[in-house]
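For the record, the sequence lines run as chains R and B. Using the working numbering, read the first sequence as starting at 1 and increasing by one per residue. Using the working numbering, read the second sequence as starting at 222 and increasing by one per residue. The C-beta atom is built at its ideal place from N, Cα and C for all residues, glycine as well. What you are looking at is a predicted structure, and each value in this text was computed from that prediction instead of being measured.
Protein chains: 2
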Amino acid sequence: MTLSEKAYSAIRRDIIQGVLAADQPLRMADLSARYDMGFSPLREALSRLQVERLVIAEALRGFRVAPLSIDEMQDAISTRILVESDALRLSIRHGNDDWSAGIVAALYALKLQVDRAASGAVGVWEIESRHYAFHRALLAACPSPWRLEFFERLYAATERYRIPILVASRTPSGSGRDIQGEHSALADSVLARDAETAVRLLADHYNKTALMIRDRMDAAA
Amino acid sequence: MTLSEKAYSAIRRDIIQGVLAADQPLRMADLSARYDMGFSPLREALSRLQVERLVIAEALRGFRVAPLSIDEMQDAISTRILVESDALRLSIRHGNDDWSAGIVAALYALKLQVDRAASGAVGVWEIESRHYAFHRALLAACPSPWRLEFFERLYAATERYRIPILVASRTPSGSGRDIQGEHSALADSVLARDAETAVRLLADHYNKTALMIRDRMDAAA
DNA sequence: GCAAGCAGGATTTTCGAAAATAATGGAATT
DNA sequence: AATTCCATTATTTTCGAAAATCCTGCTTGC
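See the structure below:
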């Protein structure tokens, strides 16, 4: 693995997790010290992240972490619903037994980690990566690379907004919302190949998240 | 404008136009000579194009132009229909008079250039940029940056497949297809705010293009 | 005859410094 | 007091060379 790729993963994760705060300027000298490498691999990583809209670049004025806004969040979530609804229909149409088994496995692994988190010391990132794996498993049989690409992009964009909520309320159920239940119901309808119900549950799931994020951002402001 | 940005635009255009052929390896030394700059800005440009799927990177083995395939083309077009249909509905809902005027202007400018091309010496790129401008104008009132972003990405991806057709048959009507007529009808229904018709015409327009490309690629193979 | 191993060359990747540009702060002027 | 100008500093951007890695074709050993 090259340094460029390491820099890309590391900076990407740090932005999504909020370690590098929104709007924060990214000075080459600082990054070089923090990630222990020269300018070249860092600039390459930042160039890639710029296309993904996780960083903003201004010519001769360097890079900074992309800002967060309610409008952008709402846009990302509504676009997610558009793209993932279609991808989920395709996935349900094309999925085989391996696909079904993958969903069951991912849901179970997520539940294990959430339970573990409720009772103590598990990092947010460990839950988050299984949450991603679950949603990715639902779409695993979608035969369209472009739709999956857009899913990845939008997942990363919305993850930035969800992380602060997870950090605040370590027990996801503490928000008066049964997220694991939503995931189960969604998985059930997908496994039953009931595309219409699945798409409806998926949209509900995301819209509820959008509402929670919006409340929190309003409260913060 | 920095060299990085120049490199990005130049390489991007050369890939889309086919000046840099599909699957062709992109050697740093060659690129450095061709674009008259050092490695750093070139690598940054290539990193960005990698995210856009116009180039493929393999660690320690450099970059190459992304390959073309019928499957990828079909996928890009079907995803375009998904995204642009939705974006077009939103645009129709939100568009004001400036938006309408922009569509009329773009359609007219495109027609001028197509007529000019039929009677002689106008480059493919001059038509192509107005074709892009027309489709962009239709979506100009769409308030969703993410949908517009995906439109840009998919437009670039499909443009690579369309260019060889345009080069072969310099008069677009030579293909037994009245493309200008399709554009007019599409613009009319959009200006009349008839979203259902517009979305249908848009999908037809793209599916016809997909068929033409498919025929040509089958013939070539 | 054929596979494995190894030099030599080609190529990518990375670094550190130089060049170019922007930001800062103070002095001079209105 | 406010503004413009200039010098200084801070920062980004770019280059050219060094380091690391991969590819090629030969040799060696079986």
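Can you tell me which of the three DSSP states G259/B falls into?
-> In the second sequence, the residue the question calls residue 259/B occupies position 38. If DSSP states are grouped into helix, strand and coil, G259/B belongs with coil.
Taking only beta-carbon positions, decide if A297/B is within less than 8 Å of chain R.
-> Taking the first residue of the second sequence as 1, we reach residue 297/B at position 76. With respect to chain R, the C-beta atom of A297/B has a partner C-beta closer than 8 Å.
Along chain R, in chain order, which residues have C-beta atoms closer than 8 Å to that of Q271/B?
-> What you label residue 271/B is simply residue 50 of the second sequence in a count that begins at 1. Within 8 Å Cβ-Cβ: R48.
Just by C-beta distance, which residues in the segment 360-379 of chain B are closer than 9 Å to chain R?
-> Listed in chain order, the positions of the segment 360-379 of chain B with a beta carbon within less than 9 Å of a beta carbon of chain R are P364, S365, P366, W367, R368, E370, F371, R374, L375, A378.
Give the secondary structure of R282/B by DSSP, where H, G and I count as helix, E and B as strand, and everything else as coil.
-> Numbered from its first residue, the second sequence carries residue 282/B at position 61. Here R282/B sits in coil by DSSP.
Against chain R: residues of the segment 275-295 of chain B by CB proximity under 8 Å = Answer set for the segment 275-295 of chain B: A280, L281, E293.
For S394/B, does the count of other Cβ atoms within 10 angstroms reach 16, so buried, or fall short, so exposed?
-> Locating residue 394/B in the second sequence gives position 173, where the first residue counts as 1. Here S394/B scores only 49 on pLDDT, less than 50, and its place in the model is too uncertain to base an answer on.
Cβ contact check for the segment 248-268 of chain B and the segment 287-295 of chain B: 3 or more pairs under 8 Å = Per the Cβ contact rule, the segment 248-268 of chain B is not in contact with the segment 287-295 of chain B (fewer than 3 Cβ pairs under 8 Å).
Hey, is R264/B's beta-carbon within less than 8 Å of any beta-carbon in chain R?
-> Numbered from 1 along the second sequence, position 43 holds the residue referred to as residue 264/B. With 8 Å as the cut-off, R264/B counts as an interface residue toward chain R.
For D86/R, go through chain B and note every residue whose CB falls closer than 8 Å to its CB, in chain order.
-> Here residue 86/R is taken as the residue at index 86 of the first sequence, counted from 1. L303, listed in chain order.
Under the three-state reduction of DSSP, which class applies to L328/B: helix, strand or coil?
-> Sequence index remark: in the second sequence, residue 328/B carries index 107 (1-based). Helix.
Mind reading off the beta-carbon distance from F355/B to V304/B? Whole number of angstroms is fine, and I expect it under 8 Å.
-> The residue labelled residue 355/B in the question sits at position 134 within the second sequence. The residue labelled residue 304/B in the question sits at position 83 within the second sequence. About 17 Å; that fails the 8 Å criterion.
From A322/B to A210/R, what does the alpha carbon distance come to, in whole angstroms?
-> By one-based count along the second sequence, residue 322/B stands at place 101. By one-based count along the first sequence, residue 210/R stands at place 210. Straight-line Cα distance between these residues: approximately 35 Å.
L20/R to Y132/R span [Cα, whole Å] = Position 20 of the first sequence, counted from the start, is the residue given in the question as residue 20/R. Position 132 of the first sequence, counted from the start, is the residue given in the question as residue 132/R. Their Cα atoms are separated by approximately 21 Å.
N-terminal and C-terminal residue of the alpha helix (DSSP H) that L20/R is part of | Residue mapping note: residue 20/R aligns to position 20 of the first sequence, counting from 1. Neither: L20/R is in no alpha helix (DSSP H) and is coded neither H nor E.
Do you know how far the Cα of A442/B is from the Cα of K111/R?
-> The residue you call residue 111/R lines up with position 111 of the first sequence. The residue you call residue 442/B lines up with position 221 of the second sequence. Between K111/R and A442/B, the C-alpha separation is close to 50 Å.
Measure from the C-beta of S261/B to each C-beta in chain R and report whether the shortest distance is under 8 Å.
-> Here residue 261/B is taken as the residue at index 40 of the second sequence, counted from 1. Yes, its Cβ sits closer than 8 Å to a Cβ of chain R.
Hey, could you find the ends of the alpha helix (DSSP H) E196/R is sitting in?
-> Your numbering for residue 196/R matches position 196 in the first sequence. Start and end: 195-220.
8 Å Cβ cutoff met for I324/B and Y427/B = Within the second sequence, the letter at position 103 stands for residue 324/B. Within the second sequence, the letter at position 206 stands for residue 427/B. No, Cβ-Cβ distance for I324/B and Y427/B is not below 8 Å.
So what's S173/R in DSSP terms, helix, strand or just coil?
-> Against the first sequence, residue 173/R aligns to sequence position 173. Confidence in S173/R is poor, its pLDDT being 49 and thus under 50, which makes the residue's placement unreliable; the coordinate value appears in the next sentence. Here S173/R carries a helix assignment [DSSP, helix/strand/coil].
Using a Cβ cut-off of 8 Å (strictly closer), state whether M217/R contacts chain B.
-> Sequence index remark: in the first sequence, residue 217/R carries index 217 (1-based). No, no contact with chain B.
Using beta-carbon positions only, say whether L375/B and A297/B come within less than 8 Å of one another.
-> Looking up residue 375/B in the second sequence gives position 154. Looking up residue 297/B in the second sequence gives position 76. The Cβ atoms of L375/B and A297/B sit closer than 8 Å to each other.
Answer with yes or no whether the minimum CB distance from M433/B to chain R is below 8 Å.
-> Walking along the second sequence from the start, residue 433/B turns up at place 212. No Cβ of chain R is located within less than 8 Å of the beta carbon of M433/B.
Quick one: which chain R residues come within Cβ less than 8 Å of E226/B?
-> What you label residue 226/B is simply residue 5 of the second sequence in a count that begins at 1. Within 8 Å Cβ-Cβ: A59.
How would you label A33/R, buried or exposed, when you count the other beta carbons within 10 angstroms and need 16 or more for buried?
-> Locating residue 33/R in the first sequence gives position 33, counting from the first residue. Burial call: exposed.
Could you pull out every residue in the same chain whose Cβ sits closer than 7 Å to the Cβ of L31/R, ignoring the five residues on either side in sequence?
-> On the first sequence, residue 31/R is found 31 positions in, with the first residue counted as 1. Around L31/R, the same chain offers L42 as residues with beta carbons nearer than 7 Å, after the five sequence neighbours per side are excluded.
May I have the straight-line CA-CA distance separating G95/R from A106/R, to the nearest angstrom?
-> In the first sequence, residue 95/R corresponds to position 95, counting from 1. In the first sequence, residue 106/R corresponds to position 106, counting from 1. The straight-line gap from Cα to Cα measures roughly 15 Å.
Cα-Cα, which of A198/R, S184/R, P164/R, A59/R is closest to I15/R?
-> In the first sequence, residue 15/R corresponds to position 15, counting from 1. Comparing alpha carbon positions, the residue from A198/R, S184/R, P164/R, A59/R closest to I15/R is P164/R.
Would you say A476/B and S410/B are within 8 Å of each other, going by their C-beta atoms?
-> Nothing about residue 476/B can be reported from this structure: the residues present for chain B run from 222 to 442 only.
Could you tell me which of L186/R, Q24/R, D215/R sits nearest to L201/R, measuring between CA atoms?
-> The residue given as residue 201/R occupies position 201 in the first sequence. In terms of Cα proximity to L201/R, the closest of L186/R, Q24/R, D215/R is L186/R.
Would you call V276/B buried or exposed, if buried means 16 or more other Cβ atoms sit within 10 Å of its Cβ?
-> By one-based count along the second sequence, residue 276/B stands at place 55. Label assigned to V276/B: buried.
Considering only residues of the same chain and omitting the five flanking positions on each side of L90/R, which have a CB-CB separation below 7 Å?
-> Within the first sequence, residue 90/R is the residue found at index 90, counting from 1. C142, P143, S144, listed in sequence order.
Interface residues of chain R facing M249/B [CB-CB closer than 7 Å] = Numbered from its first residue, the second sequence carries residue 249/B at position 28. Near M249/B there are no residues of chain R at all, since even the closest Cβ is about 13 Å away, more than 7 Å.
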